[in-house]
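Colleague: These protein sequences, in sequence, are chains H and W. If you read the first sequence in the working numbering, its first letter stands for residue 26, the second for the next number, and so on. If you read the second sequence in the working numbering, its first letter stands for residue 26, the second for the next number, and so on. My questions will all concern the structure given below.
There are 2 protein chains.
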Amino acid sequence: MTFQRPVEDEVDRLVAAWKQERPDLDVTPLEVLSRVSRLSRHLERARRAAFASHDMESWEFDVLTALRRAGEPYELSPGALLRATLVTSGTMTNRIDRLAAAGLVIRRPDPEDRRGVLVRLTPAGVHRVDAAFADLLRRERELLAGLEQHEQQALAALLRTLLVPFDAPDAATH
Amino acid sequence: MTFQRPVEDEVDRLVAAWKQERPDLDVTPLEVLSRVSRLSRHLERARRAAFASHDMESWEFDVLTALRRAGEPYELSPGALLRATLVTSGTMTNRIDRLAAAGLVIRRPDPEDRRGVLVRLTPAGVHRVDAAFADLLRRERELLAGLEQHEQQALAALLRTLLVPFDAPDAATH
DNA sequence: TCGATTTATCTCGACGTCAAGATAAAGGAG
DNA sequence: CTCCTTTATCTTGACGTCGAGATAAATCGA
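Here you go:
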């Protein structure tokens, strides 16, 4: 019979420090939200490393997967893409420019709205994103290996609750 | 008696799209990790908005709080600061420069290691960070209002499990 | 049909971050 | 003591993102 040693992460130390310095404040929100922020930063680094072997940048992957998920003919408007990736319109224009220059997507005028443009994945783009995505899933599965299946589900459900208000039909990012 | 309507977030839609397009892949890792990433992005926006009323940037807050948590005399080395904030050394140098120019911190040579420098919060810096922190906690508490106390604890514990491997005594960010 | 408003995308300058390398001091082996 | 390695910080240039504003077409009401 061994003791369940309480393993600490950086946020535990951070919260303990605050309790020492500002015992008047209730810092429990940090227990969740600081962990989300910090984990996200670590994930971003892991992603970057994973994509390096596919000669792909994180931002490229984000855009290409959004198009891939759309299904044939793998085509979306820039507006739909920026909503999917949570970046601003200026950023998305820039990204599409570079992806088009790399031959992974093409731009064409929207036949039904002369203000609009449609961005479509090229066959080369489809191939690239499929390879990178399979690899990413492999690596992400490893990161989650510390949690049982049912724990992963519980975690996902809790996160969903926090996310729903943001993903409600209002958000605007122009 | 009402039905528990299954509320969807953007990740549910994303996962459903992948299942349609790539039924051969198990995309369950996204249920957790995509949510972490997306929630983090939303949080960063909320933080930015919160700090705007204190005329403060997110990056300033990150550095100032690290010093504040250290306790009197509110002093840390640049190396300790970059480990606390997960940025690279070049970024930290830049940040310290700007905070010093704003009169919120001062730099002084480390008396015990002539390679080193120590960064100390000024009284003005302490005041600024305390005000912003109290406000941030208020807003973060609202974001978590959708979860019961015990759910927040469960969520924190699950996230800790994922975070521990990253925060182990190895990580290096130079 | 005209004008005002909304929607869709792009342009551009400012800015922060990263990654690699430079500098310099400390620590360890022999 | 000297050399080599490690540690700590800063410098620099490239790059991506943001945010505000410009352009242009679509939509709606009078």
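Where is the CB? At the ideal position from N, CA and C, for every residue including glycine.
Which two residues bound the contiguous beta strand (DSSP E) that contains residue 146 (chain W)?
Modeller: As a working note, residue 146 (chain W) is residue 121 in the second sequence. From DSSP, the beta strand (DSSP E) with residue 146 (chain W) extends over 142 to 146.
Colleague: Going by the DSSP bridge assignment, what does residue 101 (chain W) pair with across the sheet?
Modeller: As a first step, residue 101 (chain W) is located in the second sequence; it is residue number 76 there, counting from the start. W:144, per the DSSP bridge assignment.
Colleague: To which residues does DSSP link residue 112 (chain H) through a beta bridge?
Modeller: Sequence index remark: in the first sequence, residue 112 (chain H) carries index 87 (1-based). Answer is none; residue 112 (chain H) lacks a bridge partner.
Colleague: Please classify residue 177 (chain H): is it buried, with 16 or more other beta-carbons within 10 angstroms of its beta-carbon, or exposed?
Modeller: Locating residue 177 (chain H) in the first sequence gives position 152, counting from the first residue. Its Cβ being crowded by 16 or more others within 10 Å, residue 177 (chain H) is buried.
Colleague: Hey, out of W:183, W:168, W:173, W:166, whose CA is closest to residue 168 (chain H)'s CA?
Modeller: As a working mapping, residue 168 (chain H) is identified with position 143 in the first sequence. Of the candidates W:183, W:168, W:173, W:166, the one whose C-alpha sits nearest the C-alpha of residue 168 (chain H) is W:183.
Colleague: Any beta-carbon of chain W closer than 8 Å to the one on residue 68 (chain H)?
Modeller: Translated into the one-based positions of the first sequence, residue 68 (chain H) becomes position 43. Yes, residue 68 (chain H) lies at the interface with chain W (some Cβ there is under 8 Å from its Cβ).
Colleague: With a cut-off of 8 Å, does the C-beta of residue 96 (chain W) fall near any C-beta of chain H?
Modeller: Taking the first residue of the second sequence as position 1, residue 96 (chain W) is located at position 71. With 8 Å as the cut-off, residue 96 (chain W) counts as an interface residue toward chain H.
Colleague: For residue 133 (chain H), list the residues DSSP reports as bridge partners.
Modeller: Within the first sequence, the letter at position 108 stands for residue 133 (chain H). According to DSSP, residue 133 (chain H) bridges with H:143.
Colleague: Any Cβ of chain H within less than 8 Å of the Cβ of residue 147 (chain W)?
Modeller: By 1-based counting over the second sequence, the position of residue 147 (chain W) is 122. No, no contact with chain H.
Colleague: Output, in chain order, the set of chain W residues within a Cβ distance shorter than 9 Å of residue 166 (chain H).
Modeller: Locating residue 166 (chain H) in the first sequence gives position 141, counting from the first residue. Those within 9 Å of residue 166 (chain H) in chain W are 51, 53, 54.
Colleague: By the criterion of Cβ-Cβ separation under 7 Å, what are the contact partners of residue 157 (chain W) in chain H?
Modeller: Locating residue 157 (chain W) in the second sequence gives position 132, where the first residue counts as 1. Within chain H, no residue comes near residue 157 (chain W); the closest Cβ sits about 12 Å away, beyond 7 Å.
Colleague: Looking only at C-alpha atoms, which of H:135, H:68, H:154, H:134 sits nearest to residue 164 (chain H)?
Modeller: Looking up residue 164 (chain H) in the first sequence gives position 139. Among H:135, H:68, H:154, H:134, the Cα nearest to that of residue 164 (chain H) is on H:68.
Colleague: Report yes if the CB atom of residue 144 (chain H) is closer than 8 Å to the CB atom of residue 101 (chain H), and no otherwise.
Modeller: In the first sequence, counting from the first residue as 1, residue 144 (chain H) sits at position 119. In the first sequence, counting from the first residue as 1, residue 101 (chain H) sits at position 76. Yes; because the gap between Cβ atoms is below 8 Å, this pair is in contact.
Colleague: Can you tell me the Cα-Cα spacing of residue 155 (chain H) and residue 166 (chain H), whole angstroms?
Modeller: Within the first sequence, residue 155 (chain H) is the residue found at index 130, counting from 1. Within the first sequence, residue 166 (chain H) is the residue found at index 141, counting from 1. Roughly 17 Å between the two C-alpha positions.
Colleague: If we call anything under 8 Å between Cβ atoms a contact, is residue 51 (chain H) one with residue 189 (chain W)?
Modeller: Translated into positions along the first sequence, residue 51 (chain H) becomes position 26. Translated into positions along the second sequence, residue 189 (chain W) becomes position 164. No, they are not a contact pair.
Colleague: One question on the structure: do residue 157 (chain W) and residue 81 (chain W) come within less than 8 Å of each other, judged by their Cβ atoms?
Modeller: Residue numbering aside, residue 157 (chain W) sits at position 132 when the second sequence is read from its first letter. Residue numbering aside, residue 81 (chain W) sits at position 56 when the second sequence is read from its first letter. For residue 157 (chain W) and residue 81 (chain W), yes; Cβs fall inside 8 Å.
Colleague: If I follow the unbroken alpha helix (DSSP H) through residue 69 (chain H), where does it start and stop?
Modeller: For the purposes of this step, residue 69 (chain H) is identified with residue 44 of the first sequence, where counting begins at 1. Taken as a continuous stretch (DSSP letters only), the alpha helix (DSSP H) holding residue 69 (chain H) covers 53 to 77.
Colleague: If we cut at 8 Å on Cβ distances, does residue 86 (chain H) have a partner in chain W?
Modeller: Stepping through the first sequence from its first residue, residue 86 (chain H) is reached at position 61. Chain W, which has no Cβ nearer than 8 Å to the Cβ of residue 86 (chain H), makes this no.
Colleague: From residue 153 (chain H) to residue 78 (chain H), what does the alpha carbon distance come to, in whole angstroms?
Modeller: For this step, residue 153 (chain H) is matched to residue 128 along the first sequence. For this step, residue 78 (chain H) is matched to residue 53 along the first sequence. Rounded to the nearest angstrom, the two C-alpha atoms are 12 Å apart.
Colleague: Which residues in chain H have a C-beta closer than 7 Å to the C-beta of residue 34 (chain W)? List them in chain order.
Modeller: In the second sequence, counting from the first residue as 1, residue 34 (chain W) sits at position 9. Neighbours of residue 34 (chain W) on chain H, chain order: 185, 188, 189, 192.
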